[in-house]
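Enquirer: From first to last, the protein sequence lines stand for chains A and B.
Numbered by this note's numbering, the letters in the first sequence go through residues -2 to 497 in order.
Numbered by this note's numbering, the letters in the second sequence go through residues 369 to 863 in order.
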Amino acid sequence: MALSYEKVIEKYEPVLGLEVHVELGTKSKMFCGCSTEFGAAPNTQVCPVCLGLPGALPAVNGKAIEYTIAIGLALNCSIAPFSRFARKNYFYPDMPKNFQTSQYDEPICFGGFLDVKIDTDEGVKEYRVEIERVHMEEDTGKSLHMGGATGRIHGADYSLLDYNRAGIPLVEIVTKPLTGTGKYAPEVARAYVSELRDILRSLGVSDVKMEQGSLRCDANVSLRLIGAEKLGTRSETKNVNSLRSVERAVRSEMIRHAGILDKGERVIQETRHFHEDTGETTPGRSKEQAEDYRYFPEPDLVPVAPAADWIEKIRGSLPEKPSVRRKRIQEEWQVPDKEMAAMINADVLDQVEETVKLGADPTRARSWWLGEIARLANEREVPAASLPITAKDVAEVVALIVRGELTDKLARQVVEGVINNEGRPSEIIEKRGIKVVSDDSALLQAIEKAIAAQPDVAEKVRGGHIPAAGALIGAVMKETKGQADAAKVRELLLKHLGQG
Amino acid sequence: MIYEKSATEMATALETGEISAVELTKAHLDRIAAVDGEVKAFLYVDSEGALAQAKEVDQRRKAGEKLSPLAGVPLALKDVMVQQGVPTTCGSKMLEGWRPPYDSTVVSRLKAAGVIILGKTNMDEFAMGSSTENSAYFPTHNPWDLTRIPGGSGGGSSASLAAFEAPLAIGTDTGGSIRQPAAVTGTVGVKPTYGGVSRYGLVAFSSSLDQAGPCARNVLDAAYLHEVIGGYDPMDSTSINAPIPPVVAAAKNASVKGMKIGVIKELQGDGYQAGVLKRFNESLEELAKLGAEIVEVSCPNFEYALAAYYLIAPSECSSNLARFDAMRYGIRVGEGSAEEVMNATREVGFGKEVKRRIILGTYALSSGYYDAYYGSAQKVRTLISRDFENAFTKADVLVSPTAPTTAFKIGEKSNDPIAMYLNDIATIPTNLAGVCGISIPSGLAEEDGLPAGFQIMAGAMKDERLYQVGAALEAALNSKWGAPILSKAPKLGAK
Ligand SMILES: [Zn+2]
Chain A
-2 MALSYEKVIE
8 KYEPVLGLEV
18 HVELGTKSKM
28 FCGCSTEFGA
38 APNTQVCPVC
48 LGLPGALPAV
58 NGKAIEYTIA
68 IGLALNCSIA
78 PFSRFARKNY
88 FYPDMPKNFQ
98 TSQYDEPICF
108 GGFLDVKIDT
118 DEGVKEYRVE
128 IERVHMEEDT
138 GKSLHMGGAT
148 GRIHGADYSL
158 LDYNRAGIPL
168 VEIVTKPLTG
178 TGKYAPEVAR
188 AYVSELRDIL
198 RSLGVSDVKM
208 EQGSLRCDAN
218 VSLRLIGAEK
228 LGTRSETKNV
238 NSLRSVERAV
248 RSEMIRHAGI
258 LDKGERVIQE
268 TRHFHEDTGE
278 TTPGRSKEQA
288 EDYRYFPEPD
298 LVPVAPAADW
308 IEKIRGSLPE
318 KPSVRRKRIQ
328 EEWQVPDKEM
338 AAMINADVLD
348 QVEETVKLGA
358 DPTRARSWWL
368 GEIARLANER
378 EVPAASLPIT
388 AKDVAEVVAL
398 IVRGELTDKL
408 ARQVVEGVIN
418 NEGRPSEIIE
428 KRGIKVVSDD
438 SALLQAIEKA
448 IAAQPDVAEK
458 VRGGHIPAAG
468 ALIGAVMKET
478 KGQADAAKVR
488 ELLLKHLGQG
Chain B
369 MIYEKSATEM
379 ATALETGEIS
389 AVELTKAHLD
399 RIAAVDGEVK
409 AFLYVDSEGA
419 LAQAKEVDQR
429 RKAGEKLSPL
439 AGVPLALKDV
449 MVQQGVPTTC
459 GSKMLEGWRP
469 PYDSTVVSRL
479 KAAGVIILGK
489 TNMDEFAMGS
499 STENSAYFPT
509 HNPWDLTRIP
519 GGSGGGSSAS
529 LAAFEAPLAI
539 GTDTGGSIRQ
549 PAAVTGTVGV
559 KPTYGGVSRY
569 GLVAFSSSLD
579 QAGPCARNVL
589 DAAYLHEVIG
599 GYDPMDSTSI
609 NAPIPPVVAA
619 AKNASVKGMK
629 IGVIKELQGD
639 GYQAGVLKRF
649 NESLEELAKL
659 GAEIVEVSCP
669 NFEYALAAYY
679 LIAPSECSSN
689 LARFDAMRYG
699 IRVGEGSAEE
709 VMNATREVGF
719 GKEVKRRIIL
729 GTYALSSGYY
739 DAYYGSAQKV
749 RTLISRDFEN
759 AFTKADVLVS
769 PTAPTTAFKI
779 GEKSNDPIAM
789 YLNDIATIPT
799 NLAGVCGISI
809 PSGLAEEDGL
819 PAGFQIMAGA
829 MKDERLYQVG
839 AALEAALNSK
849 WGAPILSKAP
859 KLGAK
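#1: In this structure, how does DSSP classify Thr540 of chain B when only helix, strand and coil are distinguished?
#2: So with Cβ pairs under 9 Å, would you call Pro359 of chain A a contact of chain B?
#3: Please report the distance separating the alpha-carbon of Asp274 of chain A from that of Arg245 of chain A.
#4: Would you say the beta carbon of Leu54 of chain A is closer than 8 Å to some non-hydrogen atom of ligand 1?
#5: Taking the beta carbon of Glu134 of chain A as the centre, do at least 16 other beta carbons fall within 10 Å, making it buried, or is it exposed?
#6: Where do the ends of the beta strand (DSSP E) carrying His18 of chain A lie?
#7: Step through the CB atoms of chain B and report whether any lies within less than 9 Å of the CB of Leu372 of chain A.
#8: Is the distance from the Cβ of Ala186 of chain A to the Cβ of Glu10 of chain A below 9 Å?
#9: From the beta carbon of Gly717 of chain B, is the nearest beta carbon of chain A less than 9 Å away?
#10: Of the residues A:Asp112, A:Thr178 and A:Asn342, which one's Cα is nearest the Cα of Val321 of chain A?
#11: Going by beta carbon distance, what residues of the same chain come within less than 8 Å of Leu228 of chain A, once the five residues before and after it are set aside?
#12: Would a C-beta distance cut-off of 9 Å place Ala418 of chain B and Ile485 of chain B closer than the cut-off?
#13: Give me the Cβ distance between Lys485 of chain A and Leu440 of chain A, rounded to the nearest whole Å; I'm assuming they're in contact under 8 Å.
#14: Nearest to Leu652 of chain B by alpha carbon, out of B:Cys804, B:Ile662 and B:Val441?
#15: Does the count of Cβ pairs from the stretch 254 to 274 of chain A and the stretch 707 to 714 of chain B closer than 8 Å reach three?
#16: What did DSSP end up calling Cys804 of chain B once you bin it into helix, strand or coil?
#17: Does DSSP put His270 of chain A in a helix, a strand or coil?
#18: Quick check on DSSP: helix, strand or coil for Asn649 of chain B?
#19: Can you give the Cα-Cα distance for Lys863 of chain B and Val644 of chain B, rounded to whole angstroms?
#20: Do you know how far the Cα of Ser199 of chain A is from the Cα of Asp390 of chain A?
#21: Chain A partners of Glu684 of chain B, CB-CB under 7 Å?
#22: Would you kindly check if the distance between the Cβ of Asp604 of chain B and the Cβ of Ser545 of chain B is under 9 Å?
#23: Which residues in chain A sit within 9 Å of Val450 of chain B, going by Cβ to Cβ distance?
#24: Return the chain-ordered ranges of every beta strand (DSSP E) run that is complete within the stretch 406 to 457 of chain B and spans a minimum of 3 residues.
#25: Can you tell me whether DSSP reads Val624 of chain B as helix, strand or coil?
#26: Identify whether Thr561 of chain B lies in helix, strand or coil by the three-state DSSP scheme.
#27: Taking beta-carbon pairs under 7 Å, can you tell me which members of the stretch 68 to 87 of chain A lie near chain B?
#28: For a contact meaning CB atoms closer than 7 Å, what does Asn95 of chain A contact in chain B?
#29: Measure from the C-beta of Ser99 of chain A to each C-beta in chain B and report whether the shortest distance is under 9 Å.
#30: Could you check whether the Cβ of Val17 of chain A sits closer than 9 Å to any Cβ belonging to chain B?
#31: Do Pro468 of chain B and Pro51 of chain A have their beta-carbon atoms positioned less than 9 Å apart in this structure?
#32: Between the stretch 815 to 823 of chain B and the stretch 766 to 779 of chain B, can you find at least three pairs of beta-carbon atoms closer than 8 Å?
#33: For a contact meaning CB atoms closer than 8 Å, what does Ala(-1) of chain A contact in chain B?
#34: On the CB-based measure, 16 or more other CB atoms within 10 Å of its CB, does His462 of chain A come out buried or exposed?
#35: Any idea if Asp116 of chain A is buried or exposed, counting beta-carbon neighbours within 10 angstroms, 16 or more meaning buried?
#36: Would you say Ser156 of chain A faces chain B, with C-beta separation under 9 Å as the test?
What follows is the structure, encoded as structure tokens:
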């Protein structure tokens, strides 16, 4: 019987360590000119360098260094005036050179922090996550294990290797041990990864898609008795592919560790895999006999020594911090905390802001993205941002509503059409023959206009002289170019003037 | 015979139309066919490719194009240098049958200059050795005495020069693999400043020590070749972004008047063959006669150079050679899991010396031993660099015998790795410090009538000094002997 989370946190204090790997969005790989485009046919984006052919040598991608420095600066790190690459030696078929070129004891960025906010029982609380280091490395290729039931290496008939990913620049962001989060450890972990993702996205250095693996998180968790000094043995959970999973994996590991410790047993230092379906982790390879990677400085590369004025130039071009931006947006639009949080959780802040920039008012823009679009996204089990609807589409729909050319109901049809890939809003209106003339709001506008033009007639009707309405109805019919239903116009007009 | 001429003379004959590149290439291919059965300098002769290249050079010349000085002159390429479509084995079974899909920068530059690549020369497996006996295919024989080694690792390149199979060759020098073979074959070999010639496409043995360089039968020829292959290459991050030192001009301006020549105290005496030392001292006298000032300098840390080298080079090679795993190229042996195939292939594909060094290096880099071995070796390296810096404040160039002995018998040291390693005692410090060195013939040792080498060393990017001093000494010695030393070599193919 697993312990309840409440029992765990009564007795133990969690210590977290988060390692986030980010695939940089550079056009070319870390050490060669090959494309980094996702999804190409296997082994079509390779060359002597990233295939590790005999004689080939690496040359560092300057853009990758620039991006890494930008990440370091955005995370309040110091930038090393001099750092080196090292070789991490181990044999694996998807690693062309059988060593990974990585930074080891001399990372390019070190000693930063990131503040994150979470909701607690005592209101919104801020936690500071200290960053140990930000360093560069290259990705490996991919092994595809064929045959057998599991797609795992064990039991496979043979394996295929795809080196397209080999050499794609990766940045690893490592936190210092994070203490003092107590029962909020899972939430803080999630908030950290979420905030980090927002920063990386705002920097434009990565597409940060957790589902596609361009942002991957390993969560290290250990427990110690509350008040104890010494850190407990940690486990390292890999395969955490969504924000929700980060939170669940940390909680699940805390409960598992506590169960072991309560029995007086020892936690094994090991790698574990998180499973989305069960919400639990299973053991990977044990790290008790730590693999000896025989690190040594990469002799094929010269040290990275970024010029101070280049670093300052990068600092000067950093975009607005997501936390600052959120504050600004909330104030500008007067958004209540709850709705602000809803936009962030649904990950549609960019879309809403863009929609507003294109002319929609913030309230309508927000309600579309958080309402109908979010609902359709939920139905399809995808994030709203990944639907084929753009801020421009939403802004167009909102404008049509404001102009009275669409009712809310019709607008919902248009939005659904866009999401079903039927085309842009104007095309859908055209194709589906969506006509809005019977729309009450459009008619009401025409009616109001007619009343304003003939206030004396309107006064007569208000006074009970119904036949006078004819003049107003005629004006409305003229205004709508005869497309409105006269009976409907009459009904609305009388109702509007208190005679309905 | 045309193949006995120097590269510079051949270039002139080509330019004046006295001979075509195709004729010159054929003459060399014929010579190879005639003598290589005895010498065994070549692992692969690319007759077709060489003739096609020669034909193109002739056409370009006919069309009135301005060609590089060495256009049409043949060359032998050490098999550690990658050439597109041409088998490249590094003297190892591991790469048997591999035809690279790309050219090394050195090869690209040779091709652009119209230098005709005759084929690939034999070498110790992955450039590990001093005798070319570690080739997985066959040993190469020294044209001076076919029962003796031609030096190593680039014994194929040096033997091809001494056997008049090619007037020029490319070597690579990690601890002496260009200079020691030059010394024992009576030829010229240059290890340029580290970073002076691109390593892109040079199959790595020890990345921080490897340096490709020119091999020739005289100093001026080597200088011309140096200017073809040298210079910055963005594909090699360790290549130096600066103009090539003016080596051809220096070889032509062969004056040592007023220069200070530093004799390294630690690189003579015990362990050096008497006849080798005698020729060395005679060469010093010649330099003094030419107006140079001979001074003695001390490099106390050179004593540790060999030990440091045999930690750094194996460490780097243990990592560099990890890529030979049967997954993408080369041979594949065994079946089962990837790991089983890797193990079986590496067991069969690598020779004894390569395995010895991989094991040494793996051990030296292991956690817990790193500081004691690799770390200490790097410190020694710094001390050796400092020794050079100090010495270069007292002298313009430094000199020593290139190798302690003349060529030994094939098989003589095969079972004594330490004795074999001692061959490189005078050449290794240059590699550790990244400075440059040349070996030129100093004459024949009295005891055995075999060539000895005179080494000249200069500071980083001061390569022109090697050529300046080397050409001056070469001219003095040639006039003393009445002809270049190679003319005294026994005639091959006569039997
Ligand atoms: Zn590539």
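We treat Cβ as the ideally placed atom computed from N, Cα and C, and that holds for glycine.
For clarity, every value in this text was computed on a predicted model and none was experimentally measured.
Expert: Per the coordinate set shown:
#1: strand
#2: no
#3: 11 Å
#4: no
#5: buried
#6: Tyr9 to Glu20
#7: It should be noted that the sequence gives Arg, not Leu, for residue 372 of chain A. False, the Cβ-Cβ gap to chain B never drops below 9 Å.
#8: Contact: no.
#9: No, Gly717 of chain B lies away from the interface with chain A (no Cβ there is under 9 Å from its Cβ).
#10: A:Asp112
#11: Val12, Pro174, Ser219 and Arg221
#12: Yes. Within cutoff.
#13: 7 Å
#14: Nearest of B:Cys804, B:Ile662 and B:Val441 to Leu652 of chain B, Cα basis: B:Ile662.
#15: no
#16: strand
#17: strand
#18: helix
#19: Caution is warranted here: a pLDDT of 49 is assigned to Lys863 of chain B, below 50, making its placement in the model unreliable, and no coordinate value can be reported.
#20: 22 Å
#21: Pro296
#22: no
#23: For Val450 of chain B, the C-beta contacts it makes with chain A under 9 Å involve Pro45, Leu50, Pro51, Gly52 and Ala53, in order along the chain.
#24: 410 to 413 and 442 to 446
#25: coil
#26: Looking at Thr561 of chain B - three-state DSSP - the assignment turns out to be coil, as it is neither helix nor strand.
#27: Arg84 and Asn86
#28: Ala690, Arg691 and Asp693
#29: no
#30: no
#31: Yes; because the gap between Cβ atoms is below 9 Å, this pair is in contact.
#32: yes
#33: Chain B residues near Ala(-1) of chain A: none, gap ~37 Å exceeds 8 Å.
#34: exposed
#35: In the assembly as shown, Asp116 of chain A is an exposed residue. Its beta-carbon has fewer than 16 other beta-carbons within 10 Å.
#36: yes
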